[in-house]
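> Chains as they are written, first to last, in this note's numbering: chain A, 1 to 263; chain B, 1001 to 1263. Where is the CB? At the ideal position from N, CA and C, for every residue including glycine. Since we're looking at a predicted model, the values are computed, not measured. My questions all concern the structure below.
2 protein chains.
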Amino acid sequence: MPEKKNSSNIGSVTKALNLVDLVMAGPKEGLTLSEIAREMKSSKSATHATLRTLVDHNYLRMSEPGPRYLPGMALIRLGDLASARDPIASLSRSIMNELSKKTGLTVRIARNYDGYPVFIERIDGPGVVRFFTPLGIRELPHVSSAGKAILAELSDERIREIVEESGLEARTPKSITTLPKLMADIRKIRVRGYAVDDEEDAQGVVCIGAAFYDHFGQCAGGISATGLKSELPTEEIAKLGIKILKHAEAITKKLGGKVKVRG
Amino acid sequence: MPEKKNSSNIGSVTKALNLVDLVMAGPKEGLTLSEIAREMKSSKSATHATLRTLVDHNYLRMSEPGPRYLPGMALIRLGDLASARDPIASLSRSIMNELSKKTGLTVRIARNYDGYPVFIERIDGPGVVRFFTPLGIRELPHVSSAGKAILAELSDERIREIVEESGLEARTPKSITTLPKLMADIRKIRVRGYAVDDEEDAQGVVCIGAAFYDHFGQCAGGISATGLKSELPTEEIAKLGIKILKHAEAITKKLGGKVKVRG
DNA sequence: GAACGCTGTTCGGCAATACCGAACGGAACC
DNA sequence: GGTTCCGTTCGGTATTGCCGAACAGCGTTC
């Protein structure tokens, strides 16, 4: 996804990075040079040069027998390093582990990117169910508990701005799709301290999240726990909310922030 | 690290990718444009264009107040996706989790890259100790248990080749530094099925690993568990070795490979 | 077996384009 | 105010990455 079409970017670099995305979105067996060249609307020779450069840097690699291009190990290296360098991700890991172990749920944390959640770390629960939850993407705030927990920390005006920017897409019949309903939910979140996503993003999936704060007192992001609706009856949710709030406060402390007092 | 200096690569792309590495290796606060331009031996304007391109694609981002460049969220996105797309990493995760939970140790898996280990996934133990173990890097095979477990699956000739290529660097006084000693250890590994690294990579750190196989019967990689020497007395190691061997066999089965029978 | 289609790869020539240096605008510091 | 960093912008130059054609290696098909 070409996030912004700013001009005066370096063309060959843009092309190379788009090419990485193309391979990442491609099939498991990989893509051939010709397929990539076609998709990129570029000549085979030019594409070949770009591919070789990416392979030399291990961003891509060739599949073993067939000459197909696959994601390379540099991506894993950079992802791991970026995660280790991120103070929020690295400081939160032990707390996430603890929460996941206690609850048996999938735990994630999101950074606050101008009001939008970007999940940067995930710890899968022990169960067989695995949730498809990509990291490193700016997501819609109204369909995840971490996103709503972050929203609740913004001014009402900023929330309105974000809604106008991105809309309120319905992912399920239970998704919040109007501003008044969203604001009502936000108000609830502000008093009790945690947010609930009750099948608003995916059918049968519930998640509960709370915000944490940096040393400026700003909302740095949110932590959430995700599970199946069948595992999480309504009466459990309140108890779990308190538990997650406590863990969010632990992250706040690690970040050197002040824990918010709730009225 | 410019892995290979192959000519006829696209210069601007090479420059951009080296620039990413530079920022990744830089300080936590990030690097300024001028610092980067100096380091890259390039003009500020050219460096600026490259940086803008990388920022637009979220490979890099600007630090909040100061104009400094930091790793961007695309790296986390790509790393997570690459890991999810890797059949070995994704199929092994539940088994790694189980092993880590049972033993309380840090569990890692490495891919077999032409005889060299490349760790692609890590699950930290619950303890406070965290090991510095980067992923996605081709490592020396003789100083890790997973590396030695992979070596043991190669022909003696190939082992000799690898040793000539990369040498036997001493990381600690206990590191194996001569070919005869390495071969003696390899023979032990071949009979008992698991490899032991007894403070050969880092003082006070022990790890135990075993190989797993793909559907061609080839060694696809190795799994290992790492802990402090103080937590792992010698009499525990044999028991743990068997346990890890069992988990390696479970991975083999998931990959559709045949479990090796040991004489 | 030879022709065909498809791969991936290499090479020369042209033109686009990424480089450089200089100049500008802003912030911080003395 | 002066000075010295910073980041940013702009045009001219020539470097360089693009294209198309030609070649080589497989599989299939006739």
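Please work out which residues of its chain come closer than 7 Å, Cβ to Cβ, to alanine 1037 (chain B), disregarding the five sequence neighbours upstream and downstream, and give them in chain order.
Numbered from its first residue, the second sequence carries residue 1037 (chain B) at position 37. Cβ within range, chain order: Ser1043, Lys1044, Thr1047.
> Taking asparagine 9 (chain A) as the query, report the chain B residues whose CB atoms sit under 8 Å from its CB, ordered along the chain.
If you number the first sequence from 1, residue 9 (chain A) lands on position 9. Going along chain B in sequence order, the residues near asparagine 9 (chain A) (Cβ under 8 Å) are Ala1049, Arg1052, Thr1053, Asp1056.
> Where does aspartate 197 (chain A) fall in DSSP's three states?
Your numbering for residue 197 (chain A) matches position 197 in the first sequence. Correct three-state label for aspartate 197 (chain A): strand.
> Hey, could you find the ends of the beta strand (DSSP E) asparagine 9 (chain A) is sitting in?
The residue you call residue 9 (chain A) lines up with position 9 of the first sequence. That residue, asparagine 9 (chain A), is in no beta strand (DSSP E); it is neither H nor E in DSSP.
> Which whole-angstrom value describes the C-beta separation of arginine 108 (chain A) and serine 34 (chain A), a residue pair presumed to lie in contact below a C-beta threshold of 8 Å?
On the first sequence, position 108 is the one that residue 108 (chain A) refers to. On the first sequence, position 34 is the one that residue 34 (chain A) refers to. Arginine 108 (chain A) to serine 34 (chain A), Cβ: 39 Å. No contact.
> Measure the CB-CB distance between threonine 32 (chain A) and arginine 68 (chain A) and report whether it falls below 8 Å.
Residue numbering aside, residue 32 (chain A) sits at position 32 when the first sequence is read from its first letter. Residue numbering aside, residue 68 (chain A) sits at position 68 when the first sequence is read from its first letter. Against a cut-off of 8 Å, the Cβ pair of arginine 68 (chain A) and threonine 32 (chain A) comes out as a contact.
> Report yes if the CB atom of arginine 1190 (chain B) is closer than 8 Å to the CB atom of alanine 1152 (chain B), and no otherwise.
Taking the first residue of the second sequence as 1, we reach residue 1190 (chain B) at position 190. Taking the first residue of the second sequence as 1, we reach residue 1152 (chain B) at position 152. Yes. Within cutoff.
> Does the stretch 118 to 133 of chain A come close enough to the stretch 148 to 165 of chain A to have 3 or more Cβ pairs within less than 8 Å?
Touching, no, given that fewer than three Cβ pairs across the two stretches are closer than 8 Å.
> At a Cβ threshold of 8 Å, is alanine 1016 (chain B) touching chain A?
For the purposes of this step, residue 1016 (chain B) is taken as residue 16 along the second sequence, with counting starting at 1. Yes, its Cβ sits closer than 8 Å to a Cβ of chain A.
> Skipping 5 residues on each side, what residues in its chain have a beta carbon closer than 7 Å to that of cysteine 1219 (chain B)?
Translated into the one-based positions of the second sequence, residue 1219 (chain B) becomes position 219. Excluding positions up to five away in sequence, the list reads Asn1112, Ile1150, Glu1153, Ala1211, Tyr1213.
> Chain A partners of leucine 1135 (chain B), CB-CB under 9 Å?
Along the second sequence, read from residue 1 onward, the residue named residue 1135 (chain B) stands at position 135. The contacting residues are Met73, Ile76, Arg77, Gly79, Asp80, Leu81.
> Leucine 1054 (chain B) and valine 1013 (chain B) look like a contact to me (Cβ under 8 Å); what is the Cβ gap, rounded to whole Å?
Residue 1054 (chain B) sits at position 54 when you count from the first residue of the second sequence. Residue 1013 (chain B) sits at position 13 when you count from the first residue of the second sequence. About 11 Å; that fails the 8 Å criterion.
> Would lysine 1181 (chain B) and aspartate 1198 (chain B) be called neighbours here (beta carbons separated by less than 8 Å)?
Counted from its first residue, the second sequence places residue 1181 (chain B) at position 181. Counted from its first residue, the second sequence places residue 1198 (chain B) at position 198. No; because the gap between Cβ atoms is not below 8 Å, this pair is not in contact.
> Which residue wins for smallest C-alpha separation from proline 27 (chain A), given the options B:Met1024, B:Glu1039, B:Ala1084?
Within the first sequence, residue 27 (chain A) is the residue found at index 27, counting from 1. With distances taken between Cα atoms, proline 27 (chain A) lies closest to B:Ala1084.
> Quick one: list the residues of chain A neighbouring asparagine 1097 (chain B), beta-carbon separation under 8 Å, in chain order.
As a working note, residue 1097 (chain B) is residue 97 in the second sequence. Under the 8 Å cutoff, chain A gives Asp124, Pro126.
> Mark valine 129 (chain A) as exposed unless 16 or more other C-beta atoms lie within 10 angstroms of its C-beta, in which case mark it buried.
Within the first sequence, numbered from 1, the residue matching residue 129 (chain A) stands at position 129. It is exposed - the Cβ of valine 129 (chain A) has fewer than 16 other Cβ atoms within 10 Å.
> If you draw a straight line from the alpha carbon of valine 143 (chain A) to that of aspartate 1080 (chain B), how long is it in whole angstroms?
Reading the first sequence from its first residue, position 143 is the one you call residue 143 (chain A). Reading the second sequence from its first residue, position 80 is the one you call residue 1080 (chain B). Roughly 21 Å separates the two Cα atoms.
> Give the secondary structure of isoleucine 251 (chain A) by DSSP, where H, G and I count as helix, E and B as strand, and everything else as coil.
Within the first sequence, numbered from 1, the residue matching residue 251 (chain A) stands at position 251. In this structure, isoleucine 251 (chain A) counts as helix in the three-state DSSP scheme.
> Could you have a look at leucine 1168 (chain B) and say whether DSSP puts it in helix, strand or coil?
As a working note, residue 1168 (chain B) is residue 168 in the second sequence. In this structure, leucine 1168 (chain B) counts as coil in the three-state DSSP scheme.
> Using a Cβ-Cβ cut-off of 6 Å (strictly less than) and excluding sequence neighbours within five positions of leucine 1179 (chain B), which residues of its own chain qualify?
Here residue 1179 (chain B) is taken as the residue at index 179 of the second sequence, counted from 1. Result list for leucine 1179 (chain B): Val1163, in chain order.
> Can you find a CB in chain B that lies within less than 8 Å of the CB of methionine 40 (chain A)?
On the first sequence, position 40 is the one that residue 40 (chain A) refers to. Answer no: the Cβ-Cβ gap between methionine 40 (chain A) and chain B never drops below 8 Å.
> Using DSSP with H/G/I as helix, E/B as strand and the rest coil, what is serine 224 (chain A)?
Working through the first sequence from its first residue, we reach residue 224 (chain A) at position 224. Note: serine 224 (chain A) maps to strand in three-state DSSP.
> For methionine 62 (chain A), write down the residues that DSSP places opposite it in a beta bridge.
As a position in the first sequence, residue 62 (chain A) is number 62, starting the count at 1. The partner list for methionine 62 (chain A) (beta bridge, DSSP) reads A:Tyr69.
> Which residue's Cα is closest to the Cα of methionine 24 (chain A): B:Arg1077, B:Lys1015, B:Arg1061?
In the first sequence, residue 24 (chain A) corresponds to position 24, counting from 1. Among B:Arg1077, B:Lys1015, B:Arg1061, the Cα nearest to that of methionine 24 (chain A) is on B:Arg1077.
> Less than 6 Å between C-beta atoms, sequence neighbours within five positions excluded: which residues of the same chain meet that for serine 90 (chain A)?
As a working mapping, residue 90 (chain A) is identified with position 90 in the first sequence. Counting only Cβ-Cβ distances below 6 Å, and skipping sequence neighbours, we find Ala84.
> Hey, out of A:Glu29, A:Ser92, A:Leu75, A:Arg93, whose CA is closest to methionine 62 (chain A)'s CA?
Along the first sequence, one-based indexing puts residue 62 (chain A) at 62. Answer by Cα proximity: A:Glu29.
> Express the C-alpha separation of glycine 104 (chain A) and serine 1094 (chain B) in angstroms, rounding to a whole number.
For the purposes of this step, residue 1094 (chain B) is taken as residue 94 along the second sequence, with counting starting at 1. For the purposes of this step, residue 104 (chain A) is taken as residue 104 along the first sequence, with counting starting at 1. Distance between the alpha carbons of serine 1094 (chain B) and glycine 104 (chain A): 13 Å.
> Could you tell me whether any Cβ in chain B is nearer than 8 Å to the Cβ of serine 92 (chain A)?
Position 92 of the first sequence, counted from the first residue, corresponds to residue 92 (chain A). With 8 Å as the cut-off, serine 92 (chain A) does not count as an interface residue toward chain B.
> Buried or exposed for serine 155 (chain A), going by 16 or more other Cβ atoms inside 10 Å?
Residue numbering aside, residue 155 (chain A) sits at position 155 when the first sequence is read from its first letter. It is exposed - the Cβ of serine 155 (chain A) has fewer than 16 other Cβ atoms within 10 Å.
> Establish whether the CB of isoleucine 107 (chain A) and some CB of chain B are separated by less than 8 Å.
As a working mapping, residue 107 (chain A) is identified with position 107 in the first sequence. For the record, residue 107 (chain A) in the displayed sequence is valine; it is not isoleucine. No, no contact with chain B.
> For phenylalanine 132 (chain A) and lysine 254 (chain A), I'd like the C-alpha separation in whole angstroms.
Translated into the one-based positions of the first sequence, residue 132 (chain A) becomes position 132. Translated into the one-based positions of the first sequence, residue 254 (chain A) becomes position 254. Near 28 Å, if we compare the C-alpha coordinates of lysine 254 (chain A) and phenylalanine 132 (chain A).
> Using a Cβ-Cβ cutoff of less than 7 Å, which residues in the same chain neighbour proline 117 (chain A) once the five nearest sequence positions on both sides are dropped?
The residue given as residue 117 (chain A) occupies position 117 in the first sequence. Correct list, in chain order: Ala110, Glu139, Pro141, Ser144, Ala146, Gly147, Ile150, Gly222.
> Could you tell me which residues DSSP puts in a beta bridge with isoleucine 1109 (chain B)?
Locating residue 1109 (chain B) in the second sequence gives position 109, where the first residue counts as 1. Note: isoleucine 1109 (chain B) sits in a beta bridge opposite B:Glu1121, B:Ile1223.
> Can you name the residues of chain A whose CB is closer than 9 Å to the CB of tyrosine 1059 (chain B)?
In the second sequence, counting from the first residue as 1, residue 1059 (chain B) sits at position 59. Simply Leu17, Leu78.
> Please classify glutamate 1003 (chain B): does DSSP put it in a helix, a strand, or coil?
As a position in the second sequence, residue 1003 (chain B) is number 3, starting the count at 1. In this prediction, glutamate 1003 (chain B) scores a pLDDT of 37, lower than 50, which makes its location untrustworthy; no coordinate-derived value is stated.
> Let me see if you follow: with CB-CB separation under 8 Å, is methionine 1024 (chain B) close to chain A or not?
On the second sequence, residue 1024 (chain B) is found 24 positions in, with the first residue counted as 1. Yes, because at least one Cβ of chain A sits closer than 8 Å to the Cβ of methionine 1024 (chain B).
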